[in-house]
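As given, the protein sequences belong to chains A and B, one line each in that order.
Here the numbering used here = 1-based position in the first sequence + 3.
Here the numbering used here = 1-based position in the second sequence + 9.
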Amino acid sequence: DPKIIQKPKYLVAVTGSEKILICEQYLGHNAMYWYRQSAKKPLEFMFSYSYQKLMDNQTASSRFQPQSSKKNHLDLQITALKPDDSATYFCASSPRGNNQAPLFGEGTRLSVL
Amino acid sequence: GDSVTQTEGPVTVSESESLIINCTYSATSIAYPNLFWYVRYPGEGLQLLLKVITAGQKGSSRGFEATYNKETTSFHLQKASVQESDSAVYYCALGDQGGRALIFGTGTTVSVSP
C-alpha cells in the first residue's frame, strides 16, 4: 500500500482556473516537500515544510501556495493556471534527522489547456 | 552552483549484459553532500534505490552499486547483469545533510531487451 498518497493521479484544467493537489503521508514523517517535473526537465524542488512550517521556498510565483492543515498533509494550491504549469507534481516526505532520503509519492500529472 | 549531470538516454541493453549510468555532481554550496539514486518503473512512482552519505563508501540495492567518489565528483550506477525488470528511468540526486532540497539529474531511461 502506498504510504504517500497523492490525489488525483491525473488532472486536466483550463487556463486561469485554480486547482488543489492533495498529499497525505502515513509514514510518521515530520518533513514534507513538493517537487515538479516538467516535460524533459529534471525534478525541481518547490517547497519544504517541517512540523507544518515553511522551511524553504524555491518557487518564484505566488500562484503556488502549499497548505498544511494536519501534520501529515501538505496540499498544493495553484491559482491562475497557465499552460506552462503542466507538469507532474510530486509530494515527498522524510523523517527527522540528518542524512535522510525523501520518499516520494506517485505524482499528480497536471495538464493545463 | 550545485548541479547533477548524468548519462543522457535512452540506453538500451540486452538482458544479462552489464549497465553503467554515469553521474557527476557539483556541490559548491554543500559542505557534505549526500548522493542518491532514485528509480521510476513504468506506471509507478519515484522510489529510492540507494543512498550514500560518506565519501568513499559504496551503496548497493537490487544488484545495483554506486560508489561516492569525492575526487572525481562522481556517483556512477552499475549493475553486472541486468534483467528486463530493470527497465526504468534512473535519477541521480544530490542533497545536503539537513535534508533540504534535492537536486536531480535529468534522468536516464533504460530499456532492457530480452
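Positions of the beta carbon are idealized from the N, C-alpha and C atoms, including for glycine.
Quick caveat, the model's predicted, so the values are computed rather than measured.
- Chain B has a Cβ within less than 8 Å of the Cβ of Asp59/A.
- When Cβ-Cβ separations below 8 Å define contact, Glu109/A makes contact with chain B.
- A straight line joining the alpha-carbon of Ala36/B with that of Cys26/A spans about 30 Å.
- Separation of Tyr36/A and Gln87/B (C-alpha to C-alpha, rounded to the nearest whole angstrom) is 29 Å.
- Distance from the CA atom of Tyr52/A to the CA atom of Glu24/B, rounded to whole angstroms, is 42 Å.
- Taking all protein chains shown into account, Asn101/A has fewer than 16 neighbouring C-beta atoms within 10 Å of its C-beta and is therefore exposed.
- The alpha carbon of Asn33/A has as its nearest neighbour, out of Cys94/A, Gln55/A, Gln80/A, the alpha carbon of Gln55/A.
- Taking one beta carbon from each stretch, the stretch 13-21 of chain B and the stretch 103-113 of chain A have fewer than 3 pairs nearer than 8 Å; the two do not touch.
- Excluding sequence positions up to five before and after Ser120/B, its CB lies within less than 8 Å of the CB of Pro19, Val20, Thr21, Val22, Ser96, all in the same chain and listed in chain order.
- The three-state secondary structure of Asp78/A, taken from DSSP, is strand.
- Contacts with chain A (Cβ-Cβ distance below 7 Å) from the stretch 57-71 of chain B involve Leu57, Lys60, Ile62, listed in chain order.
- Scanning its chain for C-beta atoms nearer than 8 Å, with the 5 sequence neighbours on each side dropped, one finds around Asp78/A the residues Ile23, Leu24, Ile25, Cys26, Pro69, Gln70, Ser71, Ser72, in chain order.
- Listed along the chain, the chain B residues whose CB falls inside 7 Å of the CB of Phe93/A are Leu55.
- The stretch 37-104 of chain A is shown to contain whole beta strand (DSSP E) runs of 3 or more residues at 47-53, 56-60, 67-70, 78-81, 90-97, in chain order.
- Within chain B, the residues placing a beta-carbon under 7 Å from that of Ala104/A are Phe45, Leu57, Lys60, ordered along the chain.
- Two segments are said to touch when three or more pairs of C-beta atoms, one from each, lie closer than 8 Å; by this definition the stretch 37-44 of chain A touches the stretch 88-96 of chain A.
- His85/B places its beta carbon 8 Å or farther from that of Ile39/B.
- Chain A has a Cβ within less than 8 Å of the Cβ of Phe113/B.
- Setting aside the 5 residues that flank it on each side, Tyr50/B is surrounded in the same chain by Ala97, each with a C-beta closer than 7 Å to its C-beta; the list follows chain order.
- Taking the beta carbon of Ala34/A as reference, the chain B residues within 8 Å of it are Gly108, listed in sequence order.
- When 9 Å is used as the limit between beta carbons, Ser97/A is near these residues of chain B: Gly108, in chain order.
- Taking 8 Å as the CB threshold, Gly116/B lines the interface with chain A.
- Legend: CB atoms of the stretch 51-77 of chain A lying less than 8 Å from CB atoms of chain B belong to residues Ser51, Met58, Asp59, Gln61.
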